[in-house]
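The block underneath contains the structure these notes are about, expressed in structure tokens.
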Amino acid sequence: TLYEVIEPALDYVSKRHPNVTVLYQPSKNIQVEGDKRLLRAAFTNLIDNAAEASFPEGQVIIKARNAKRANRLFTLIDISQTGHLPPEYAINLSQGKHVDSTKEDGNAVGADASYNIITGPHRGSINYKSLGDNGARINIRLWSSSLKFWIFNKVKNF
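According to our numbering, the sequence shown is numbered sequentially starting from -8.
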């Protein structure tokens, strides 16, 4: 499940940034497919970056839902942060271009790796959107080809 992938990141980030509120709002039954270890690394980086940008007392909200478009099944994950993301960074990150880190001790390699994990072996997409002084949003789409995924969601939503 998505929660099994993200839960270790929530633990890690809450210890690293105790004053930043991180809320996981989706059902704990949202399904995702793929290499859980790689997805865990990508989401840990994305959530940690969002929390760090929202420091000292901001908020990160994670939402997700399963959806279908043109007979393709996928999971949409939305990570919202109160911290600032420069618009030019959002554009470059969405295109998989390397950006200079905004952190004193950072190198932005984690953002590159997260992009490559989501768009490479998981055939997904990731889009960053700067909301100016209102923070930023990261939209992630992970495709599914599993009949089990489809049946699970049909039965769950029946």
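By construction, the Cβ of each residue, glycine as well, lies at the ideal position given by its N, Cα and C atoms.
This structure is a prediction, so every number in the text was calculated from the model and none was measured.
Exercise. Taking the alpha helix (DSSP H) that F34 falls in, what are its first and last residues?
Worked result: On the sequence shown, residue 34 is found 43 positions in, with the first residue counted as 1. Start and end: 27 to 44.
Problem set entry | Nearest to G49 (by Cα), restricted to the options N57, S5, G111 | By 1-based counting over the sequence shown, the position of residue 49 is 58. That would be S5, whose Cα lies nearest to the Cα of G49.
Exercise. Nearest CA to the CA of I53: which residue from Y80, E24, N107, K19?
Worked result: The sequence position of residue 53 within the sequence shown is 62, counting from 1. Closest by alpha carbon: K19.
Exercise. By Cβ distance, which residues of its chain are closer than 6 Å to S121, with the 5 residues on each side in sequence left out?
Worked result: Along the sequence shown, one-based indexing puts residue 121 at 130. Excluding residues within five positions, the ones whose Cβ falls inside 6 Å are L76, P78, A81, A127.
Exercise. Can you give the beta carbon distance from L133 to G115, rounded, assuming they're within the 8 Å contact cut?
Worked result: As a first step, residue 133 must be located in the sequence shown, where it is residue number 142. As a first step, residue 115 must be located in the sequence shown, where it is residue number 124. With 8 Å as the limit, L133 and G115 qualify as a contact, their Cβ atoms being about 4 Å apart.
For this session: Taking Y(-6) as the reference, give the member of P9, H89, P17 with the closest Cα.
Result: Residue mapping note: residue -6 aligns to position 3 of the sequence shown, counting from 1. The shortest C-alpha separation from Y(-6) is found at P17.
Problem set entry | Pick from I108, I68, H113 that is closest to I21, judged by C-alpha positions | Here residue 21 corresponds to residue number 30 of the sequence shown, with the count starting at 1. Checking every option, the nearest Cα to that of I21 belongs to I68.
Exercise. Does DSSP put Y3 in a helix, in a strand, or in coil?
Worked result: The residue you call residue 3 lines up with position 12 of the sequence shown. Helix at Y3.
Problem set entry | Given N10 as reference, the closest of D91, I131, D39 once Cα atoms are compared | In the sequence shown, residue 10 corresponds to position 19, counting from 1. Of D91, I131, D39, the residue nearest in Cα terms is D39.
Problem set entry | Coil, strand or helix - A55 by DSSP | Residue mapping note: residue 55 aligns to position 64 of the sequence shown, counting from 1. Three-state result, A55: strand.
Exercise. Out of T(-8), V(-4), F65, S85, which has the shortest C-alpha to C-alpha gap to R31?
Worked result: In the sequence shown, residue 31 corresponds to position 40, counting from 1. Of the listed residues, the one whose Cα sits closest to R31 is V(-4).
Problem set entry | C-beta atoms of S45 and G74 nearer than 8 Å | Position 54 of the sequence shown, counted from the first residue, corresponds to residue 45. Position 83 of the sequence shown, counted from the first residue, corresponds to residue 74. Going by C-beta atoms, S45 is nearer than 8 Å to G74.
For this session: List the whole-angstrom C-beta distance separating V219 from I70, where the pair is believed to meet the contact cut-off of C-beta under 8 Å.
Result: Nothing can be reported for residue 219: it is not among the residues displayed for the chain, which extend from -8 to 149.
Problem set entry | Three-way DSSP call (helix, strand, coil) for L84 in this model | Numbered from 1 along the sequence shown, position 93 holds the residue referred to as residue 84. Three-state DSSP puts L84 in a helix.
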